[in-house]
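Only one structure is covered here, and it is reproduced in the block below.
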Amino acid sequence: VLPLSNELLTKSEGLYHVYHQYTIKVNDGKRDEVKKHLEENGVSTMIYYPIPLHKMKVFADRSRVHDGLEESESASFDVLSLPIEPLQTEADTFSVINCICEFFEN
């Protein structure tokens, strides 16, 4: 069992989505290790919000909430965006998946 969230994106019937991010949640504090492993294997990743918005200096005088947003704060340590785009092949996708599985098998 992988220590990843099991909440997957769903499709609505008759609609087509052009993803530009596919973000996973890596449990057990292993997000940065997974990121490093993927990048060492040629898979680029991104952490878009390493600091939750309500904690950023730019929003300090604009935010009404400065503490108590546990889910946002947790996500800033756990989420990792994987490559995805409309022209990505199924083989490319499985290559990313296999690389993640390889990390957790070792």
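Converting from the sequence shown to the numbering used here requires adding 1152 to each position, the first position being numbered 1. Just so you know, even glycine gets a beta-carbon here, dropped at the ideal spot from N, CA and C. Predicted, not measured: the structure shown is a model, and the values here were computed from it.
Worksheet entry | Ile-1199, enclosing beta strand (DSSP E) - first and last residue | Unbroken run through Ile-1199: none, as it is neither H nor E.
Worksheet item: Which term fits Thr-1241, buried or exposed, when burial requires 16 or more other beta carbons within 10 angstroms of its beta carbon?
Response: exposed
Discussion item. Just verifying my parser: in three-state terms, what is the DSSP assignment at Ser-1228?
Written reply: Here DSSP, grouped into helix, strand and coil, assigns Ser-1228 to helix.
Item to complete: Report the rounded CA-to-CA distance for Phe-1246 versus Pro-1235, giving the unit in angstroms.
Response: 12 Å
Worksheet item: What's the C-alpha gap between Cys-1253 and Leu-1239?
Response: 23 Å
Worksheet item: Straight-line CA distance for Arg-1183 to Gly-1166?
Response: 34 Å
Practice prompt. Give a yes or no on contact between the region 1179-1198 and the region 1208-1220, applying the rule of three or more CB pairs nearer than 8 Å.
Written response: no
Discussion item. Val-1210 and Lys-1177 - do their beta-carbons sit closer together than 8 Å?
Written reply: no
Practice prompt. In the DSSP assignment, find the beta strand (DSSP E) that holds Ile-1176 and state where it starts and stops.
Written response: 1174-1177
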